[in-house]
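Here the protein sequences line up with chains A and B, keeping their order. Numbering-wise (the working numbering), the first sequence opens with residue 370 and increments by one. Numbering-wise (the working numbering), the second sequence opens with residue 251 and increments by one. Heads up: the structure comes next, in structure tokens.
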Amino acid sequence: MTNLCFYFQVHQPWRLRHYRYVEVGHNHDYFDHDKNAQVMRKVADKCYLPMNNLLLDLISDLDGSFKASFSISGVFLQQAEEYAPEVIHSFKRLIETGCVEVLSETSHHSLTSLFSPEEFVEQVNIHRELCSRLLKTPGKTFRNTELITSNAIASEVAKMGYRAMLMEGADRVLGWRSPLFGYHLKNSPNLLMLLKNYRLSDDIAFRFSDRGWAEWPLTSEKFTHWLKMIELENPVSAKGQDPFVGLFMDYETFGEHQWKSTGIFDFMRALPLRLLDTGSVRFVTPSEAAETMQPSAELDVHSPVSWADIERDLSAWVGNPIQDSAIRAIYRLEGAVKKTKDASLIETWRRLTTSDHFYYMCTKYFADGDVHKYFNPYESPYDAHIYFMNTVADLEQRLGLAPVEDEERIPA
Amino acid sequence: MSASVSVSFKKPVQVLMLGWEYPPRFAGGLGKACSGLSQAMASLGCQITFVLPTFPKRIVESHLRVVGARELLVESGWPKELQIHSHVQREAVQSPGNIVRIETEAKLFPYGKHPTGELPPSVLRMLGETFERVTKKLGVERQTFQKEWASTEPEPYVPPLPNPRKEEKEEIYGSNMWEEIERYCFAVRQLGKSHEVDVVHAHDWMSFPAALEYKRMNPRAPVFMHVHATEYDRSGENVNTDVFRVEREGFRAATHIFAVSRYTAGIIEKLYGIPREKITVVYNAPDEGAKQMISSPKAQRSPHVVFLGRLTFQKGPDHFLEAAKMVIDAAPKRLGKVQFIFCGTGDMLDKLRSQAFRLGIEDRVHFAGFVEPRHVDQILMKSRVLVMPSVSEPFGLVALEAIHCGIPVILSKQSGVREVLHRALQVDFWDHEKLADQILAALRLKELSRQLVDEGMEQIRALSWEKSAHTVINSYRRYL
Numbered sequence: 370m371t372n373l374c375f376y377f378q379v380h381q382p383w384r385l386r387h388y389r390y391v392e393v394g395h396n397h398d399y400f401d402h403d404k405n406a407q408v409m410r411k412v413a414d415k416c417y418l419p420m421n422n423l424l425l426d427l428i429s430d431l432d433g434s435f436k437a438s439f440s441i442s443g444v445f446l447q448q449a450e451e452y453a454p455e456v457i458h459s460f461k462r463l464i465e466t467g468c469v470e471v472l473s474e475t476s477h478h479s480l481t482s483l484f485s486p487e488e489f490v491e492q493v494n495i496h497r498e499l500c501s502r503l504l505k506t507p508g509k510t511f512r513n514t515e516l517i518t519s520n521a522i523a524s525e526v527a528k529m530g531y532r533a534m535l536m537e538g539a540d541r542v543l544g545w546r547s548p549l550f551g552y553h554l555k556n557s558p559n560l561l562m563l564l565k566n567y568r569l570s571d572d573i574a575f576r577f578s579d580r581g582w583a584e585w586p587l588t589s590e591k592f593t594h595w596l597k598m599i600e601l602e603n604p605v606s607a608k609g610q611d612p613f614v615g616l617f618m619d620y621e622t623f624g625e626h627q628w629k630s631t632g633i634f635d636f637m638r639a640l641p642l643r644l645l646d647t648g649s650v651r652f653v654t655p656s657e658a659a660e661t662m663q664p665s666a667e668l669d670v671h672s673p674v675s676w677a678d679i680e681r682d683l684s685a686w687v688g689n690p691i692q693d694s695a696i697r698a699i700y701r702l703e704g705a706v707k708k709t710k711d712a713s714l715i716e717t718w719r720r721l722t723t724s725d726h727f728y729y730m731c732t733k734y735f736a737d738g739d740v741h742k743y744f745n746p747y748e749s750p751y752d753a754h755i756y757f758m759n760t761v762a763d764l765e766q767r768l769g770l771a772p773v774e775d776e777e778r779i780p781a
Numbered sequence: 251m252s253a254s255v256s257v258s259f260k261k262p263v264q265v266l267m268l269g270w271e272y273p274p275r276f277a278g279g280l281g282k283a284c285s286g287l288s289q290a291m292a293s294l295g296c297q298i299t300f301v302l303p304t305f306p307k308r309i310v311e312s313h314l315r316v317v318g319a320r321e322l323l324v325e326s327g328w329p330k331e332l333q334i335h336s337h338v339q340r341e342a343v344q345s346p347g348n349i350v351r352i353e354t355e356a357k358l359f360p361y362g363k364h365p366t367g368e369l370p371p372s373v374l375r376m377l378g379e380t381f382e383r384v385t386k387k388l389g390v391e392r393q394t395f396q397k398e399w400a401s402t403e404p405e406p407y408v409p410p411l412p413n414p415r416k417e418e419k420e421e422i423y424g425s426n427m428w429e430e431i432e433r434y435c436f437a438v439r440q441l442g443k444s445h446e447v448d449v450v451h452a453h454d455w456m457s458f459p460a461a462l463e464y465k466r467m468n469p470r471a472p473v474f475m476h477v478h479a480t481e482y483d484r485s486g487e488n489v490n491t492d493v494f495r496v497e498r499e500g501f502r503a504a505t506h507i508f509a510v511s512r513y514t515a516g517i518i519e520k521l522y523g524i525p526r527e528k529i530t531v532v533y534n535a536p537d538e539g540a541k542q543m544i545s546s547p548k549a550q551r552s553p554h555v556v557f558l559g560r561l562t563f564q565k566g567p568d569h570f571l572e573a574a575k576m577v578i579d580a581a582p583k584r585l586g587k588v589q590f591i592f593c594g595t596g597d598m599l600d601k602l603r604s605q606a607f608r609l610g611i612e613d614r615v616h617f618a619g620f621v622e623p624r625h626v627d628q629i630l631m632k633s634r635v636l637v638m639p640s641v642s643e644p645f646g647l648v649a650l651e652a653i654h655c656g657i658p659v660i661l662s663k664q665s666g667v668r669e670v671l672h673r674a675l676q677v678d679f680w681d682h683e684k685l686a687d688q689i690l691a692a693l694r695l696k697e698l699s700r701q702l703v704d705e706g707m708e709q710i711r712a713l714s715w716e717k718s719a720h721t722v723i724n725s726y727r728r729y730l
């Protein structure tokens, strides 16, 4: 049997307004409420609500043999509560079926795992509380922002008591090894890593509507056939375990990245039954998979991997001068912000740790007008940087700190 | 030069280039573009005869022969140009390089001033005027002229002598533009009698009539109109209809059109009604020397914000001032006194002075006047950001110069250069608030400035006159 695990990331950042420097000291309202509300409602209509209904139908039609898992970021939940409460209600109904698992992560979809271990733990706890309150489930399996993973991060996650964690099945980490088996990372032997099968995942998430792709159009028959091939080629693993296929993707794939007209909903409606009919595929949640799987080997992930871009590293968020200076500027405020014990100020600061702000400053593919541009609410990475730094300047002033650019001033 | 980029014509293409500016005598980007392009084309094997209205003194460059036509003219007296042209022809054959420059005694002023006076025969013919109207207007002897009007022989109309040159104040562009154009046409016609070329390549509207005059005599030669700026870019809504018509008829009559950006190609398509497929974009490029940064973005600089260009409506200097006011009001003390520097002259100077007073920022605004090219770099190297707030900018070579001097640029979205330098701050010229915010960011955020300069430099290095010359030659090929 092949254990098939669907995992969907659900996330929307608190996008910043075009906050001008002239507003520093006068206006502490940083977020673009209109834009955020508009995006939430649009994606609710195109994706969250129809896709949740589709999954609900599948679960009831297939008597609970279809299962899926979600990571729902805290900042998403906050915005859904404010702008589209019916979306939260809809997720709750899905979770009540018992066939859907919610994963743990940082509340603010942040890079704290890389820049502040203390804040990382705090944000994970905030997320657990938020999920308990709104969705009645705290989450048992961990997935970090954008599947960012390293030895060090896994150790922190293990320390928090998690048994399993999701990870990108990146070639540079796996080498000759297969993503079909469980692993553990160096220094955390008791944390099972469940790997994303990036080929099959991206066939759905990125290539589904690509008419230039040799396999277009992708049908449920074709996809079922590919999974059967995996079963045939890997009847049982070396340790007698069933192969695990991780289909991990953005939930917005359905109806937003791949429009309804591409047939993505029809594909998903037909796929589960066709897979179950083969008699060799079983749907599992990450926690269920973790109960039956053992690490087959140790992986050494010194420098972090992620699921972003072809590099599958941190370069979508970190590494160019404007990203690095923005990251320095915001994490520099952590101590001072927390010292105020002002809950609303701390929450504002946390919203600025969301990874998307740094993603918008990425200039890697700026020339090609690709996915980064599609997701960028600003006109350019440089504008994204300016609005972020203007916001930081106001925060600095509220905290009575010297401007970060003074610290960075290059000596003559 | 690699094999893949060499041009394989059996014999060198003979190009007649018609233009009005060429270093060291130029008023803007046009002269630089003309020399950059023609030198690259010469190095790819084209033989270029460049006709210029005037040239100050005899200069011999490595692959460029400057003929002292004006001196010859003065010595031999107008209109004995035939001597000059036989002289030129000899030069063309003997020249070790591939470019020959010819001057005619004509001056033009394409910017700011509107042309006045009667349209001359070459232009009237181009605009499709009837023979009757032309003879009436000019009072030319009817019988002789009728025979010549439609013929391929140059007609006997001899334009009036130019005014004696003022030695001290050498203007590139004279005051009676139509007369100057006619003199220029006359010289090209004389040249056309004896000098047959494969291709005519005319830079901007002033040379379009001459290009068509040449074609009238040598109908086989394809004519390429190269657009560095349109009347819309120069005059905005106050277009001179005669100039507009010369441009439009030139575009219509041209075999093919080169535009310095997609932005300009769009104007030619939409405002002049020319099919897009008749236009090829040929980007300008920096000099080889400009591909190296001559000053680090980290260098010590004053908080100076620079505007570099003519002070005319289409360059948006008034928008620069509006943003300046906002910057001065919001700039944190630690930046020091932010100063705004205008390099350039133009008809808006007085208006800008009073605008600065009205805004109460006259002590922070400096009018440096026209700045010599070699001094431009020195100003840029001491400043922190260049702003190009143009209402309409066909290309905008100065943006590349700023990067070369290690400072970031803010480009208006109504400019062509952003198509090759999109890693830059960009803004709509009318969005003063955003422009002010970007200026403040460039002054405040060192990492941002550094990254803009580094990434901009990377893009500049990808540009070259050789690439542009290839685009031009490949277009020639389609019609040879």
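Even glycine gets a Cβ: it sits at the ideal position worked out from N, Cα and C. Since the structure is predicted, the reported quantities are computational estimates derived from the model, not experimental observations.
Who are the neighbours of residue i on chain A, taking C-beta pairs under 7 Å?
| i | result |
| --- | --- |
| residue 678 of chain B | Under the 7 Å cutoff, chain A gives no residues; its nearest Cβ is about 10 Å from residue 678 of chain B. |
| residue 687 of chain B | 389, 390 and 755 |
| residue 571 of chain B | Those within 7 Å of residue 571 of chain B in chain A number zero; the least Cβ separation is about 17 Å. |
| residue 580 of chain B | 390 and 391 |
Following the continuous alpha helix (DSSP H) through residue i, name the residue where it begins and the one where it ends.
| i | result |
| --- | --- |
| residue 634 of chain A | 633–646 |
| residue 372 of chain A | Segment 371–379 is the beta strand (DSSP E) holding residue 372 of chain A; no alpha helix (DSSP H) there. |
| residue 512 of chain A | First-last for residue 512 of chain A: undefined, no H or E at that position. |
| residue 601 of chain A | 589–602 |
| residue 232 of chain B | Since the first and last residues shown for chain B are 251 and 730, residue 232 of chain B lies out of range. |
| residue 522 of chain A | 520–528 |
| residue 530 of chain B | Unbroken run through residue 530 of chain B is the beta strand (DSSP E), 529–531; no alpha helix (DSSP H). |
Roughly how many angstroms lie between the CA atoms of residue i and residue j, to the nearest whole one?
| i | j | result |
| --- | --- | --- |
| residue 359 of chain B | residue 282 of chain B | Note that residue 359 of chain B scores 40 on pLDDT, short of 50, meaning its location in the model is unreliable; the coordinates nonetheless yield the value given after this. So the alpha carbons of these two residues sit roughly 17 Å apart. |
| residue 561 of chain B | residue 575 of chain B | 18 Å |
| residue 435 of chain B | residue 588 of chain B | 50 Å |
| residue 457 of chain B | residue 687 of chain B | 42 Å |
| residue 477 of chain B | residue 379 of chain B | 24 Å |
| residue 490 of chain B | residue 753 of chain A | 42 Å |
| residue 527 of chain B | residue 503 of chain B | 15 Å |
| residue 642 of chain A | residue 431 of chain A | 7 Å |
| residue 772 of chain A | residue 569 of chain A | 47 Å |
| residue 609 of chain B | residue 641 of chain B | 21 Å |
| residue 550 of chain A | residue 666 of chain A | 9 Å |
| residue 585 of chain A | residue 585 of chain B | 57 Å |
| residue 709 of chain B | residue 650 of chain B | 10 Å |
| residue 334 of chain B | residue 368 of chain B | Low confidence applies to residue 334 of chain B: its pLDDT is 34, below 50, so where it sits in the model is not reliable, and the reading given next is rough at best. Approximately 28 Å between the Cα atoms of the pair. |
| residue 735 of chain B | residue 658 of chain B | Residue numbering for chain B in the displayed model covers 251 to 730; residue 735 of chain B lies beyond these limits and cannot be assessed. |
For the beta strand (DSSP E) containing residue i, name the first residue and the last one.
| i | result |
| --- | --- |
| residue 462 of chain A | Looking at the DSSP string, residue 462 of chain A is not in any beta strand (DSSP E); the run it does join, the alpha helix (DSSP H), is 454–465. |
| residue 430 of chain B | Note, residue 430 of chain B: premise wrong, no beta strand (DSSP E); alpha helix (DSSP H) at 427–444. |
| residue 558 of chain A | 557–565 |
| residue 509 of chain B | 506–509 |
| residue 615 of chain A | 613–619 |
Which bits of chain B does residue i rub up against, with CB to CB less than 9 Å?
| i | result |
| --- | --- |
| residue 732 of chain A | 673, 701 and 705 |
Is the beta carbon of residue j closer than 7 Å to that of residue i?
| i | j | result |
| --- | --- | --- |
| residue 719 of chain B | residue 294 of chain B | yes |
| residue 732 of chain A | residue 388 of chain A | no |
| residue 633 of chain B | residue 532 of chain B | no |
| residue 534 of chain B | residue 374 of chain B | no |
| residue 570 of chain B | residue 644 of chain B | no |
Just the chain B side, please: which residues come within less than 7 Å of residue i by C-beta, in chain order?
| i | result |
| --- | --- |
| residue 774 of chain A | 694, 695 and 696 |
Give me the chain A residues within the contact set of residue i, using Cβ-Cβ distance strictly less than 9 Å, ordered along the chain.
| i | result |
| --- | --- |
| residue 690 of chain B | 389, 390, 391, 755 and 759 |
>> By the 8 Å beta-carbon criterion, what residues does the region 665–698 of chain A contribute toward chain B?
In response: 689, 690, 691, 693 and 694
> When you check each C-beta in the region 630–655 of chain B against every C-beta of chain A, which residues fall closer than 8 Å?
Replying inline: none
> Using a Cβ cut-off of 9 Å, which residues of the region 588–611 of chain B contact any Cβ in chain A, in chain order?
Replying inline: none
> According to a CB-to-CB cut-off of less than 7 Å, which residues of the region 544–578 of chain B neighbour chain A?
Replying inline: 548, 550 and 576
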